[in-house]
Amino acid sequence: MIRPTAAVLVAVLLTGGAQAGPRADFEGIWAQTRAECEDDEGPNSRTLIDMSSKEGPLFDRYEHHCRIVSVEGGGTSKRLTLSCHEFWEEFRKRTSPTRESARIEQKGAQSLRIDGKAYVRCLR
599 MIRPTAAVLV
609 AVLLTGGAQA
619 GPRADFEGIW
629 AQTRAECEDD
639 EGPNSRTLID
649 MSSKEGPLFD
659 RYEHHCRIVS
669 VEGGGTSKRL
679 TLSCHEFWEE
689 FRKRTSPTRE
699 SARIEQKGAQ
709 SLRIDGKAYV
719 RCLR
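Taken in order, the sequence shown gives residues 599 to 722; the numbers are from the numbering used here.
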């Protein structure tokens with residue numbers, strides 16, 4: 599059985615070529631280690647950032663699903679304002695959100711920092 603997070607990651611990977619416009623450099627699947635890039639089952643740091651998701655701009659982690667409400671900043675540094683939910687059902691119904699933010703610093707095509715922690719791009 600595929601968990602919702604894995605299903606979202608697969609859907610994004612399969613529809614990656616159908617983007618309406620250019621992708622932001624920070625979009626993609628990121629993790630703190632290459633091993634976490636390959637781990638589809640357990641809790642880990644893997645983070646999906648997708649500005650053109652059918653659910654709306656998405657910042658998704660294991661059991662932490664967020665809509666990107668706004669993106670502020672320029673150049674290589676951005677601040678994302680997020681509306682987050684623990685469960686997909688709450689996310690889809692937009693019930694009981696928590697307001698959060700994430701700071702993203704692009705360090706290169708294959709690396710960035712999310713809230714000060716180093717991440718690598720997951721290549722599949």
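In this text, a Cβ means the ideal position worked out from N, Cα and C, and glycines have one as well.
Beta-bridge pairing of residue i - partner residues as DSSP gives them
i	result
TRP628	THR645 and ARG719
GLN704	LEU710
GLU698	LEU680
Presumed contact (8 Å Cβ cut-off) between residue i and residue j, rounded CB distance
i	j	result
THR674	GLN708	Not confirmed; about 14 Å, so no contact.
Chain-order list of residues whose beta-carbon lies under 7 Å from that of residue i (same chain, five-residue window excluded)
i	result
LEU710	PHE624, TRP628, ILE702, GLU703, GLN704 and TYR717
GLU687	none
GLN630	SER643, LYS715, ALA716 and TYR717
ARG677	GLU670, GLY671, SER699 and ARG701
Whether residue i touches residue j by CB criterion (9 Å)
i	j	result
ARG659	SER681	no
CYS635	ARG644	yes
ARG692	GLY626	no
GLU653	ARG690	yes
Separation of residue j from residue i, as counted between CA atoms
i	j	result
ASP713	GLU684	19 Å
PRO641	ALA633	12 Å
LEU721	ASP637	13 Å
SER651	GLY706	23 Å
LEU646	GLU639	15 Å
PHE569	ARG697	Since the displayed the chain opens at 599 and closes at 722, residue 569 lies outside it and no answer follows.
Residues near residue i in its chain [Cβ-Cβ closer than 6 Å; skip 5 each side]
i	result
SER668	THR679
PRO655	MET649 and ILE666
SER694	GLU688
9 Å Cβ cutoff, residue i in contact with chain D
i	result
SER668	The structure shown contains no chain D; it is built from a single protein chain.
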